[in-house]
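Novice:
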Amino acid sequence: MPPKRITALLANIFDLAPQKSLSPARSASTTLGLDPEFSRLLESGPLEDVLSSRPYHPAERLDPFEELLLSADQYVALFECNRGEQAGEGSVEQVKELERIFKELLEDAEKAQTTLQTSRQKTIQTLITHLKRTIAYRITYLTLAHQKDITRVRRACRARLDDVLVEVVHEAKKTRLGSRQRAKTSHRDLLKEYEEKIFEMKKESRKKADVISKLRTSIAKAQYTLKKNGILETDSYQIINDERIPASETIDYYQTSISQREEKIKHLIERLTGTSHPYSPSPSPND
């Protein structure tokens with residue numbers, strides 16, 4: 696346990712202000728051999744404001760205890776710098792003893808801080824491990840519960856799907872039967888209509904066949920009569936399709952043939968009717 700004077704001096708260093716209850720060696724700042732201007736700065740404010748002109752960052756002020764240790768460390772360093780001027784003073788030994796005690800305290804504080812940091816890291820690691828286990832257990836529990844919920848929902852959906860499928864199949868069967876019956880009725884009516892139309896078409900075709908047969912007979916008789924009287928010539932149909940004959944000769948030939956046939960038709964009509972027919976043939980191209 697340090698003596699009361701050392702405790703008071705340490706308290707004076709930590710407070711950064713002089714104490715009047717100390718020995719005469721510390722009663723004034725000039726006793727320690729300090730510069731009067733520097734003594735005035737020490738009395739004006741904290742030591743960290745004197746030693747450093749910049750403000751400390753909030754990250755540098757993590758703990759009040761650390762700030763206190765930093766101030767004391769800087770104060771002791773100041774004593775070490777001014778030790779040459781304090782060689783003849785009686786309080787130098789006390790300051791050295793105080794420095795030693797402070798360094799021991801500082802080492803103990805660093806060890807305590809290291810131990811605290813290690814303990815905190817172990818505690819944090821233990822908490823992280825427990826948290827991981829808790830989260831893993833919770834995740835496993837929630838996964839199992841989720842799987843159970845999914846299974847239950849699937850069963851319900853499958854049952855509902857079966858019911859809906861039964862209803863849909865039943866309705867589809869009813870609709871299919873109705874559609875099939877309507878299709879049968881429509882097909883039967885359509886076949887009956889087609890049969891009636893086919894019957895009518897057969898009747899019309901028979902009538903048209905009779906007309907065609909009569910026309911063929913009349914055409915055959917007319918062709919025979921025309922050939923017999925020299926009006927219809929089969930050679931004229933062959934001349935028009937002959938590519939060796941020029942078109943001008945073909946036109947002259949047909950014009951002459953038409954004039955001759957008109958004359959023959961005129962004589963035939965007169966012979967059949969016994970009277971003259973007011974039919975005048977068209978003039979030939981040579982007229």
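Under our numbering, the residues of the sequence shown are numbered 696 to 982, in order. For every residue, glycine included, the Cβ atom is placed at its ideal position computed from N, Cα and C. These numbers were taken from a predicted model, which means no experiment stands behind them.
Can you give the Cα-Cα distance for V861 and H882, rounded to whole angstroms?
Specialist: Position 166 of the sequence shown, counting from 1, holds the residue named residue 861. Position 187 of the sequence shown, counting from 1, holds the residue named residue 882. Whole-angstrom Cα-Cα distance: 31 Å.
Novice: Taking the straight line between their C-alpha atoms, what separation do you get for H972 and R956?
Specialist: Taking the first residue of the sequence shown as 1, we reach residue 972 at position 277. Taking the first residue of the sequence shown as 1, we reach residue 956 at position 261. Since pLDDT at H972 reaches only 46, below the 50 mark, its modelled position is unreliable, and the value read off the structure follows with that caveat. Each residue's alpha carbon lies about 15 Å from the other.
Novice: Leaving aside the five residues before and after A782 along the sequence, list all residues of the same chain whose C-beta is less than 6 Å from its C-beta, in chain order.
Specialist: Taking the first residue of the sequence shown as 1, we reach residue 782 at position 87. Note on A782: pLDDT 46, under 50, position unreliable in the model; no value is reported.
Novice: Quick one: Cα of Q816 to Cα of K827, how far?
Specialist: Residue 816 sits at position 121 when you count from the first residue of the sequence shown. Residue 827 sits at position 132 when you count from the first residue of the sequence shown. The straight-line gap from Cα to Cα measures roughly 16 Å.
Novice: State buried or exposed for L837, treating a residue as buried only when at least 16 other CB atoms are found within 10 Å of its CB.
Specialist: Within the sequence shown, residue 837 is the residue found at index 142, counting from 1. By the neighbour-count rule (16 or more Cβ atoms within 10 Å), L837 is not buried but exposed.
Novice: Tell me which same chain residues have a C-beta within less than 7 Å of the C-beta of K909, skipping the five on either side of it?
Specialist: What you label residue 909 is simply residue 214 of the sequence shown in a count that begins at 1. Cβ neighbours of K909 beyond the five flanking positions: none.
Novice: When the Cα atoms are used, what is the spatial distance from A867 to V859?
Specialist: In the sequence shown, counting from the first residue as 1, residue 867 sits at position 172. In the sequence shown, counting from the first residue as 1, residue 859 sits at position 164. One C-alpha to the other measures close to 12 Å.
Novice: How should F894 be labelled, buried or exposed, when 16 other C-beta atoms within 10 angstroms of its C-beta is the threshold for buried?
Specialist: Numbered from 1 along the sequence shown, position 199 holds the residue referred to as residue 894. F894 should be labelled exposed.
Novice: Here's a check: name, in chain order, each residue in its chain whose Cβ is nearer than 7 Å to the Cβ of K806, leaving out the five neighbours to either side.
Specialist: Numbered from 1 along the sequence shown, position 111 holds the residue referred to as residue 806. Within the same chain, K806 has no close Cβ partners at all.
Novice: Taking all protein chains shown into account, decide if L872 is buried (16 or more other Cβ within 10 angstroms of its Cβ) or exposed.
Specialist: Counting from one through the sequence shown, the residue named residue 872 turns up at place 177. Exposed: under 16 other Cβ atoms inside 10 Å.
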